[in-house]
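Chemist: Just so we're on the same page, my numbering is the position in the sequence shown counted from 1, plus 44. From the three backbone atoms N, C-alpha and C, an ideal C-beta is built for every residue, glycine too. Quantities reported herein were computed from a predicted structural model and do not represent experimental measurements.
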Amino acid sequence: MFIRHCQGNIVGWRSVIISKPAKLSVKNRQLLLQQDEGNLAALPLEDLSTVVLDTPQVLLTGAVLSELATHGVALVCCDAEHHPNGALLPFLAHSRTLNVMQKQLALSVPQKKRVWQTIVRQKLRNQSSCLERYRPGKGKHLANLATKVRSGDPDNREASAAQYYFSELFGAGFTRTRQGWYNSALNYGYAILRAAIARGLVAHGFLPPFGLQHKSQLNSFNLADDLIEVLRPVVDNWVVAQADRESPQLLKADKAGLVQLLYADVAMRRGNMNVLSAIEYMVEGLGRYCDSASLEELDWPTLLE
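1) Mind checking Ala-131: buried by the 16 CB within 10 Å criterion, or exposed?
2) Use the C-beta contact count for Gln-257: other C-beta atoms within 10 angstroms, 16 or more gives buried, fewer gives exposed.
3) Please classify Asp-80: is it buried, with 16 or more other beta-carbons within 10 angstroms of its beta-carbon, or exposed?
4) According to DSSP, what are the bridge partners of Lys-71?
5) Could you give the first and the last residue of the continuous beta strand (DSSP E) run that contains Leu-84?
6) So Leu-275 and Pro-345 are supposed to be a Cβ contact under 8 Å. How far apart are they, rounded?
7) Mind checking which residues open and close the alpha helix (DSSP H) that includes Thr-162?
8) Return the chain-ordered list of same chain residues with a C-beta closer than 8 Å to the C-beta of Gln-51, the five sequence neighbours on each side being excluded.
9) Looking at Arg-177 and Glu-349, is the spacing between their C-beta atoms short of 9 Å?
10) For Pro-277, does the three-state DSSP call read helix, strand or coil?
11) If you run the structure through DSSP and keep just helix, strand and coil, what is Val-283?
12) Output the distance between the C-alpha atoms of Glu-118 and Thr-191, rounded to the nearest integer angstrom.
13) Residues in its own chain within less than 7 Å of Ala-107 by CB, not counting five upstream and five downstream?
14) Going by beta-carbon coordinates alone, are Glu-202 and Glu-90 separated by less than 9 Å?
15) Going by the beta-carbon positions, is the gap between Leu-68 and Thr-105 smaller than 9 Å?
16) So, at 7 Å on beta carbons, what are the nonlocal neighbours of Ile-54 in its own chain, with the 5 sequence-adjacent residues on each side left out?
17) For Val-29, is the classification buried or exposed, using 16 other Cβ atoms within 10 angstroms of its Cβ as the cut-off for buried?
18) Could you compute how far the alpha carbon of Gln-261 sits from the alpha carbon of Gly-215?
19) Just reading off the alpha helix (DSSP H) that Val-319 is part of, what are its end residues?
20) Kindly confirm or deny that the region 219-236 and the region 275-293 touch, where touching means at least three C-beta pairs closer than 8 Å.
21) Return the first residue and the last residue of the beta strand (DSSP E) that Ala-311 is part of.
22) Between the C-alpha atoms of Gln-155 and Ala-337, what's the straight-line distance to the nearest angstrom?
23) List the endpoints of the continuous alpha helix (DSSP H) containing Ala-124.
24) What's the C-alpha gap between Val-278 and Tyr-333?
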């Protein structure tokens, strides 16, 4: 079991990966983890942000699920290949849920397009910073491309940037569909970020299925998939710094490192803060935009140099 500790300014500052057989229970507002070898860990529920079940050999009850939801903890489960494939999220915890939902659903198409424009621009800037760090001189193209993104990105600058970005970052011939360690790590890191963003959205009263740009009827997290775009380079930055391996399987240390990215620092208007805190401010800014339709309310993270 891996437990990550990090001080933060929001509720929940620990993430837990359970990779060995365990039994979970709750007592006195603590999550109890009993493992086969007799080890017992007691974690205050109010300290937790995310619990990742990285083994099918975990026993837990409905009471555990209920307490995790009550305390705003995201529970992420993994498939047989140890890839995150599902999440339990707190349900409608915001005091003005109906008000937030109504304003979210009332956003016009032009308003959504303008937000998407800012998201794509910031994503490209962050990709530029990541690329410039590891491939000096190559990031300038993306920085220039970011200035050309129009409302709604009708020219699909995001897609053309992605093709250039990944081939330059991971080498010619690299594609996001190819099996390998890099893609396994990227997918794992993105899934953890996605769950954390979805957690923040429901905590603030948003409906995650209703996105700005993503609109799949089969996707319950369209809005999370919109917001994650500005944070993907945080994962990319970590992954490219690691040595590629022949096996696509992630080691426990890899998964721990990817979960720790929730506590990596990024820059926001209020100063540097960890990703979990930044997600809170991202969602709060989107909420203010729903109230005012002012793009000045939006606050997207910047990758640190």
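Modeler: The relevant details are as follows:
1) buried
2) buried
3) exposed
4) Gln-74
5) 84-88
6) 6 Å
7) 153-178
8) With a pLDDT of 35 at Gln-51, under the threshold of 50, the modelled position of this residue cannot be trusted, and the question is left open.
9) yes
10) helix
11) helix
12) Strictly speaking, residue 118 in this sequence is Ala, with Glu absent from that position. Approximately 36 Å between the Cα atoms of the pair.
13) Val-70
14) no
15) yes
16) Note that Ile-54 has pLDDT 43, beneath the 50 cutoff, so the model's placement of it is unreliable and no number is given.
17) Here the chain has residues from 45 to 349 only, and residue 29 is not among them.
18) 34 Å
19) 319-336
20) yes
21) 309-312
22) 7 Å
23) Unbroken run through Ala-124: none, as it is neither H nor E.
24) 25 Å
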